[in-house]
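A short write-up of the structure that comes next.
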Amino acid sequence: LVETDFGAVPCGALPPTAVRVTLRQEQEGTHGLMVASMTLAPQLVTSVKYEPLADGIEAGLYLCSAAVLTALSAHSANRSYFTLAHAMQEIASSGRLGALRTAGRAWFACETFDQAKTFA
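Written as structure tokens, this is what we have:
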């Protein structure tokens, strides 16, 4: 799930751990995904990063195949530190990562322990 309405997100308040995504421009003939009687059309993600310039903010909801576990396993064999974003970038680089926009639906992120205390 990706938030693309930067007006709804206080981007200056986002911690450096907030993951940003870049989306491929809309494609004709994109197949939809049926969720709760709604057809949703995902966009392909071209990059997953921590840099400030992006099309949206990753909103923390994933529907994953075994490919993410394969990518995480490969990262664990080669790195002492890695994140889910690293695995998602690998999948995005192969053209296999899609994103759905929040489209005005409410969501919130909890990136740090201090933020978690505000929700408690």
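Residue numbers (the working numbering): 25 to 144.
Built from N, CA and C at the ideal position, the CB exists for glycine as well.
Source: prediction; values computed, not measured.
**Message:** Mapping the DSSP letters down to three states, classify Thr94 as helix, strand or coil.
**Reply:** Position 70 of the sequence shown holds residue 94. Of the three classes helix, strand and coil, the one that applies to Thr94 here is helix, per DSSP.
**Request:** Tell me whether Ser104 sits in a helix, a strand or coil according to DSSP, three-state version.
**Result:** For the purposes of this step, residue 104 is taken as the residue at position 80 of the sequence shown. Looking at Ser104 - three-state DSSP - the assignment turns out to be coil, as it is neither helix nor strand.
**Asked** Apart from the five residues on each side of it in sequence, which residues of its chain come closer than 6 Å, Cβ to Cβ, to Gly80?
**Response** The sequence position of residue 80 within the sequence shown is 56, counting from 1. For Gly80, where only same-chain residues beyond five positions count, the Cβ hits under 6 Å are Val26, Glu27, Thr28 and Val45.
**Spatial neighbours of Ala83 in its chain, beta-carbon cut-off 8 Å, leaving aside the 5 residues before and after** = Within the sequence shown, the letter at position 59 stands for residue 83. In the same chain as Ala83, and ignoring 5 residues on each side of it, the C-beta atoms closer than 8 Å to its own belong to Leu25, Val26, Glu27, Thr126, Trp131 and Ala133, in chain order.
**Asked** Considering only C-alpha positions, which residue in the set Glu75, Val92 and Ala101 is nearest to Ala42?
**Response** The residue you call residue 42 lines up with position 18 of the sequence shown. Comparing Cα-Cα distances from Ala42 to each of Glu75, Val92 and Ala101, the minimum goes to Glu75.
**Item:** Boundaries (first-last residue) of the beta strand (DSSP E) holding Thr70
**Value:** Residue numbering aside, residue 70 sits at position 46 when the sequence shown is read from its first letter. Going by DSSP, Thr70 is part of the beta strand (DSSP E) stretching over Gln67 to Lys73.
**Request:** Classify Gln139 as buried or exposed, calling it buried when 16 or more other Cβ atoms lie within 10 Å of its own Cβ.
**Result:** Within the sequence shown, the letter at position 115 stands for residue 139. It counts as exposed.
**Prompt:** DSSP beta-bridge partners for Thr46?
**Reply:** Reading the sequence shown from its first residue, position 22 is the one you call residue 46. Ser71, per the DSSP bridge assignment.
**Asked** Nearest to Gln67 by CA position, among Ser97, Ala95 and Arg120, is which residue?
**Response** On the sequence shown, residue 67 is found 43 positions in, with the first residue counted as 1. When each option's Cα is compared against that of Gln67, the closest is Arg120.
**Request:** Assuming Thr70 contacts Ala123 (C-beta within less than 8 Å), just tell me the rounded distance between them.
**Result:** Your numbering for residue 70 matches position 46 in the sequence shown. Your numbering for residue 123 matches position 99 in the sequence shown. Actually they are not in contact, since the Cβ atoms of Thr70 and Ala123 sit about 10 Å apart, beyond 8 Å.
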